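2 protein chains.
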Amino acid sequence: MKNHNKVKIFRIESELTQKELASNVGVTRQTMSLIEKGEYNPTINLCLKICYQLNKTLDEIFWIDEGEIQHETSK
Amino acid sequence: MKNHNKVKIFRIESELTQKELASNVGVTRQTMSLIEKGEYNPTINLCLKICYQLNKTLDEIFWIDEGEIQHETSK
DNA sequence: AAAATATGTAATGTATAATTTACATAAGTA
DNA sequence: TACTTATGTAAATTATACATTACATATTTT
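Just so you know, the protein sequences line up as chains A and B, in that order.
Going by this note's numbering, the first residue of the first sequence is number 7, and it counts up by one from there.
Going by this note's numbering, the first residue of the second sequence is number 7, and it counts up by one from there.
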């Protein structure tokens with residue numbers, strides 16, 4: 007299932023590059039790229055670290071309403 | 007890093023057993039047990055499914071303030 | 001034009017989330 | 001007493017999050 011989130015939006019607002027954000031939360035740039043594109047399903051601990059860096063909450067960055075879930079069949 | 011959350015609290019409020027909640031979100035009872043105990047670091051998709059079942063948001067169940075993080079050295 | 005920065009992505013490897021099977025205990029119930 | 005229900009946990013396996021290395025393109029800067 008695809009995983010939209012608002013990481014890219016808030017990262018740019020914070021004037022951070024993928025590399026900087028990735029480094030700050032302890033993952034690689036590639037991992038951050040895939041998370042932004044919704045192609046990885048990050049763990050809650052990593053989501054929390056991203057929240058702390060971007061000064062946002064889980065709901066602000068990662069909440070998806072139940073009706074909006076993208077299942078594999080709809081890609 | 008240990009992963010406290012309020013899954014157990016809200017599960018009991020919802021009068022669900024571990025088995026029922028696990029089955030409803032598509033994991034095993036054992037996995038749900040470990041998540042409740044903070045010994046697994048679930049993915050955001052699984053967290054969202056748990057939220058939908060318990061009618062709560064990510065912040066209500068999984069938010070942890072940055073200062074409250076338990077690192078492995080403090081266990 | 002050349003060099004540096006920012007991002008995308010593919011292939012392979014490693015760490016760990018989650019499964020499966022199984023056994024254990026406590027508490028309620030027939 | 002036996003039987004069922006709810007939970008904890010351990011060992012072995014599988015699936016997948018994430019790392020590593022590498023190469024690509026577009027944009028900016030010198």
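We put the CB at the ideal spot given by N, CA and C, even for glycine.
Quick caveat: nothing in here was measured; it's all calculated off a predicted structure.
Beta-ladder partner(s) of residue i, from DSSP
i       : result
A/Lys43 : DSSP output for A/Lys43 lists no bridge partner at all.
A/Thr49 : B/Thr49
With 16 other Cβ atoms within 10 Å as the buried cut-off, status of residue i
i       : result
B/Lys25 : exposed
B/Asn61 : exposed
A/Gln59 : buried
A/Ile18 : exposed
A/Ser80 : Its pLDDT being 32, under 50, A/Ser80 is placed unreliably by the model, and the measurement read from it follows with that caveat. Exposed, since its Cβ has fewer than 16 Cβ neighbours within 10 Å.
Euclidean distance between Cα positions of residue i and residue j
i        : j       : result
B/Leu22  : A/Ile50 : 23 Å
A/Lys12  : A/Glu42 : 8 Å
A/Leu40  : B/Trp69 : 23 Å
B/Asp71  : A/Glu66 : 15 Å
A/Pro48  : B/Ser20 : 27 Å
B/Phe100 : B/Gly73 : This structure cannot speak to residue 100 of chain B, because chain B is shown only from 7 to 81.
B/Gln36  : A/His10 : 28 Å
A/Asn46  : A/Ala28 : Sequence check: residue 46 of chain A is Tyr here, not Asn. If I take the Cα positions, the gap works out to 14 Å.
A/Lys8   : A/Val33 : 20 Å
B/Met38  : A/Met38 : 27 Å
CA nearest to the CA of residue i, picked from the options
i       : options                      : result
B/Lys14 : B/Gly44, B/Ser29 and B/Glu74 : B/Gly44
B/Ile75 : A/Thr63, A/Lys55 and A/Leu64 : A/Lys55
B/Leu2  : B/Tyr46, B/Glu72 and B/Leu52 : Look at the range of chain B in this structure, 7 to 81, and you will see that residue 2 of chain B is not part of it.
A/Cys57 : A/Thr34, A/Glu72 and A/Asn30 : A/Asn30
Near-chain A residues of the stretch 51 to 79 of chain B (beta-carbon distance less than 7 Å), N- to C-terminal order: Asn51, Cys53, Leu54, Tyr58, Thr63, Leu64, Asp65, Phe68, Trp69, Ile70 and Glu72
Selection of the stretch 22 to 39 of chain A by Cβ proximity to chain B, strictly under 9 Å: none
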